[in-house]
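Input: a single structure, listed below in structure tokens.
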Amino acid sequence: MNQRTFFVKTFGCQMNERDSEIMSQTLSMHGYVEGMVMEQADLVILNTCSIRAKAEQKVMSLLGMLRKAKASNKGMQICVAGCVAQQEGEKLLERMPHVDLIIGTQNIYRIGECLEYARKNPGFIAIDLQDNYDIPRFMPDSDLSANKPAEFRKFVTIMQGCNNYCSYCVVPYTRGREVSRKVSDIIDEIKVLIEGGIKEITLLGQNVNSYGKTNIVTDNGLPCSFADLLHLVAEIPGLSRLRFTTSNPKDLSDQLMRCFRDIPILCPQFHLPVQAGSDAVLKRMNRKYSVQQYLELVDTLRSYRPEIALSTDIIVGFPGETEEDFQGTMDLLEQVRYHGSFSFKYSDRPGTRSADFDDKVPEDVKTRRLIEFQARQDEISLERNREYLGSTKEIMVESINSDSIKGRTTTNHIVHVDSSGLGDNIRPGDLLMTEIYHAGQHSLKGKINS
Ligand code: SAM
Ligand code: SF4
């Protein structure tokens, strides 16, 4: 009998990318093989994101397209996973009755059995969210190179969910209560990954700063904080680079900031979402820190690791944001001079508190503010990149083609290097020293130091 093929399309954050890997590995254990063409697959999984309305619309239009594909491929099963599945559930099925399985964020480990059930009972919905959820122990394939020869870095989920209820955010509703994964499960997973050739690990959570705070996690009988976990991971032999994301500034401890000083393999790169540069807006966002407190964190981080490259997330046009509030965000940008940022127009999300705020900012004002913010960020990113000119940086190789190598610095900057004369023994994950001779807005160019 032919094996059933599957195709996973992932939307949204790194958390979803990791969940897609978990589902793919689980499906392989159930005898499925990965297919290359979505329309021809026996099983299509859309792992979805609902953080902004636009992300959700993309999923809906792809589902519309899959309705036609399914009409000409009768055996096809369609599964919607992730945050849209969790949020919409039954409503999604009413709009898209050709969907066979809707699987929520805590159920991905059960995807094999849910699919089996859905084959006989199409339109199955598995979206229960438990408050006392225990993240199942799940180990990666020990032979990583069997499927993807170029793999050298991985995401490792250390917690799920969020308890912060920022007023604009769906995550606490789509991913449930915050829960931290067991220390031993995390360490064992990383050991398997390193044995499989992985050189760089990024630890993932919606707010890693509060690891171990809602459910106590222990190492050798003692409570383990996120900073403790970073030290434990860094001690595992064989790892070249360690990163993490994301951090809510309200929980950023001095102990954690000191890790940037004390752990050499912790990359000097920190994504610290500020969201807005106005105390009034931050308060209505329920972020629980002030602009001044945020700036003090930035100063402390830079005192511990002067070369640290900071990036952030910004929302423009939050309900009630005045021109003066927005100017506060622009001023903050000038003060911090981020190496890069992700900026978004505020988007109403169902069930969130801010969706009910009545002082919405008009779309054209949001667009103008976003353009202004991004234009200035682009200039600053270029200025920041020029600071690297003439310096020598270590890059980790990501990809190699006939005439160039693409790599990444510890500060998360992409560097393109002329590969002529380098021979063909360079592999993804290798470390090279490069001298930076060109700085563009989004990447650098370097030559190999001989
Ligand atoms: N946990 C992270 C934190 O606390 O900063 C944020 C994770 S969230 C998945 C990624 C980013 O999406 C947020 O930092 C925020 O800038 C943006 N975002 C979330 N909800 C949004 C909304 N309703 N409209 C626009 N952007 C939003
Ligand atoms: Fe959303 Fe706030 Fe939780 Fe981040 S900390 S996931 S923005 S609720």
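The numbering of the sequence shown is our numbering, which starts it at 405 and goes up by one.
Note that the Cβ used here is the ideal one computed from N, Cα and C, for glycine as well.
Contact belief for residue i with residue j at Cβ below 8 Å, rounded distance in angstroms
{"i": "A522", "j": "D504", "result": "5 Å"}
{"i": "V448", "j": "I426", "result": "Incorrect: roughly 17 Å between the Cβ atoms, too far for contact."}
{"i": "E555", "j": "I605", "result": "Actually they are not in contact, since the Cβ atoms of E555 and I605 sit about 12 Å apart, beyond 8 Å."}
{"i": "Y615", "j": "R665", "result": "Incorrect: roughly 19 Å between the Cβ atoms, too far for contact."}
{"i": "G508", "j": "D532", "result": "7 Å"}
{"i": "Q444", "j": "N477", "result": "7 Å"}
{"i": "V769", "j": "D729", "result": "Contact doesn't hold; Cβ gap of about 12 Å is too wide."}
{"i": "L656", "j": "N690", "result": "Not quite, the Cβ-Cβ distance comes to about 17 Å (not below 8 Å), so this is no contact."}
{"i": "M837", "j": "E791", "result": "Going by Cβ atoms, the distance from M837 to E791 rounds to 18 Å, so no, they are not a contact pair."}
{"i": "H820", "j": "K851", "result": "Contact flag wrong, Cβ pair sits at about 10 Å."}
{"i": "T578", "j": "Q491", "result": "5 Å"}
Sequence-distant residues of the same chain with beta carbon closer than 8 Å to residue i, five excluded per side
{"i": "P540", "result": "Y513"}
{"i": "D807", "result": "D822, S823, S824"}
{"i": "L496", "result": "V484, V488, A489, V503, I506"}
{"i": "Q845", "result": "D782, S785, L786, N789"}
Residue i versus residue j: straight-line alpha-carbon distance, rounded
{"i": "C573", "j": "A759", "result": "10 Å"}
{"i": "E776", "j": "F761", "result": "25 Å"}
{"i": "T414", "j": "L597", "result": "22 Å"}
{"i": "A475", "j": "V463", "result": "19 Å"}
{"i": "Q534", "j": "V575", "result": "15 Å"}
{"i": "F674", "j": "S745", "result": "11 Å"}
{"i": "G439", "j": "T409", "result": "5 Å"}
{"i": "P641", "j": "I667", "result": "13 Å"}
{"i": "R688", "j": "S432", "result": "46 Å"}
{"i": "Q739", "j": "S715", "result": "13 Å"}
{"i": "P672", "j": "T796", "result": "15 Å"}
{"i": "L466", "j": "H842", "result": "40 Å"}
{"i": "P754", "j": "T813", "result": "39 Å"}
{"i": "I515", "j": "T650", "result": "27 Å"}
{"i": "H502", "j": "F648", "result": "38 Å"}
{"i": "I840", "j": "L701", "result": "30 Å"}
{"i": "S824", "j": "I620", "result": "53 Å"}
{"i": "F559", "j": "K586", "result": "16 Å"}
{"i": "L519", "j": "G479", "result": "13 Å"}
{"i": "G600", "j": "D545", "result": "9 Å"}
{"i": "D763", "j": "T726", "result": "10 Å"}
{"i": "D703", "j": "M661", "result": "11 Å"}
{"i": "L835", "j": "L634", "result": "22 Å"}
Terminal residues of the beta strand (DSSP E) in which residue i lies
{"i": "I799", "result": "796-804"}
{"i": "M837", "result": "835-843"}
{"i": "C417", "result": "Premise fails: C417 is in no beta strand (DSSP E) and is neither H nor E."}
{"i": "Q481", "result": "481-485"}
{"i": "Q510", "result": "It is not in any beta strand (DSSP E) - Q510 carries neither H nor E in the DSSP assignment."}
{"i": "R831", "result": "Looking at the DSSP string, R831 is not in any beta strand (DSSP E), and its letter there is neither H nor E."}
{"i": "A530", "result": "528-530"}
Three-state class that DSSP yields for residue i in the structure shown
{"i": "G468", "result": "helix"}
{"i": "E725", "result": "coil"}
{"i": "S694", "result": "coil"}
{"i": "K458", "result": "helix"}
{"i": "V587", "result": "helix"}
{"i": "L635", "result": "Checking the displayed sequence, the identity of residue 635 turns out to be His instead of Leu. H635 falls in the helix class under three-state DSSP."}
{"i": "S614", "result": "helix"}
{"i": "E604", "result": "strand"}
{"i": "D822", "result": "strand"}
{"i": "V441", "result": "coil"}
{"i": "P540", "result": "coil"}
{"i": "M563", "result": "strand"}
{"i": "F352", "result": "Residue 352 is absent from the model: the chain starts at 405 and stops at 854."}
{"i": "L699", "result": "helix"}
{"i": "T409", "result": "strand"}
{"i": "F761", "result": "coil"}
Same chain, Cβ closer than 6 Å to residue i, five either side skipped, listed in chain order
{"i": "E582", "result": "G565, C566, N567, T618"}
{"i": "L719", "result": "A small fix is needed here, since residue 719 is Ile in this sequence, not Leu. Answer for I719: Q679, F748, Y750, listed in chain order."}
{"i": "M734", "result": "none"}
{"i": "V437", "result": "Q407, T409"}
{"i": "G609", "result": "I562, M563"}
{"i": "S937", "result": "Residue 937 cannot be examined here, being either before or after the span of the chain that is shown, 405 to 854."}
{"i": "S803", "result": "K810"}
{"i": "R557", "result": "E604"}
{"i": "A457", "result": "S751"}
Cβ neighbours of residue i in the same chain (closer than 7 Å, five flanking residues each side left out)
{"i": "I669", "result": "A638, L643, S644, R645, L646"}
{"i": "D683", "result": "S694, V695"}
{"i": "D632", "result": "D623"}
{"i": "N569", "result": "The displayed chain sequence assigns Tyr, not Asn, to residue 569. Same-chain partners within the cutoff: P576, N690."}
Residue interval of the alpha helix (DSSP H) (run including residue i)
{"i": "I784", "result": "767-790"}
{"i": "R523", "result": "515-524"}
{"i": "A713", "result": "A713 -> not in any alpha helix (DSSP H); beta strand (DSSP E) instead, spanning 713-720."}
{"i": "E662", "result": "Residue identity differs from the one stated: residue 662 is Arg in this sequence, not Glu. Where R662 is concerned, the enclosing alpha helix (DSSP H) stretches over 658-666."}
{"i": "R645", "result": "No alpha helix (DSSP H) contains R645, which is instead part of the beta strand (DSSP E) from 645-649."}
{"i": "T578", "result": "575-578"}
Residue i CB to nearest heavy atom of the ligand MN below 6 Å
{"i": "Q481", "result": "For the ligand MN, the structure offers nothing, since it holds only the ligand SAM and the ligand SF4."}
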